Every structure is written in C-alpha cells, then in structure tokens.
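No gaps in the numbering here: position 38 of the sequence shown is 1262 in my numbering, and each next residue is one more.
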Amino acid sequence: MADLERLTVALPASQANAVRSAVATGEYSSPSEVLSDALRVWEQRRVRETELLRRHWDDGKASGLAGARDAATVIAEEKARKAGRS
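Written out as structure tokens, the structure reads:
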C-alpha cells in the first residue's frame, strides 16, 4: 500500500456536498477515495495538456515559418494588431 499523508482541505459547499453524495450513494467508499480519484483525473489531464502543447511547439518549430523574436517585438506586434482592429 502507498504511503498515506493526512491533509485537511476546505471546499466550497457545493463540492463538499458532491463528495458526501458520492459516498452516500455508494459510488465511493470514503471522501478520501473521491478526492484521490479527482486528483488522478486532474493529473492525467495535466499530462495530456502538456503533451499536446509539446506537440504543437514541435510542429511549430518544424514548420520553419517563424524566426527568433524577442518578447518586446512580440508585444509590439500584438499592440499594433489590436490597434488596427479599433
């Protein structure tokens, strides 16, 4: 069994009620199980999003369409683009 660490969390009433409801209906055996499952799903989503961003980054670099630009240039171009829409 994995090492367990006790944490105390504060949730909005609606989320606390959802946790209690999930346990009351038997979907989960404890509030800890509900939160553990929610964190597992959150971690999986973060991994997927990171992988997607990495693929987009790699695709962009491989396209060869953009050259090196500094932050000041990017900001100035965006300001000019926004000003042109006004």
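Virtual Cβ for every residue (Gly too), placed ideally from N, Cα, C. In this text the structure is predicted, and so the values were computed from the model without any measurement.
Asked, Found
"Cut-off 7 Å between Cβ atoms - residues of its own chain near Val1258, not counting five sequence neighbours on either side", "Val1243, Ala1246, Val1247 and Tyr1252"
"Option in Glu1301, Asn1241 and Arg1309 with minimal Cα separation from Arg1193", "Residue 1193 lies beyond the residue range present for the chain, which begins at 1225 and ends at 1310; the question has no answer from this structure."
"C-alpha distance - Ser1256 paired with Val1271, whole-angstrom precision", "22 Å"
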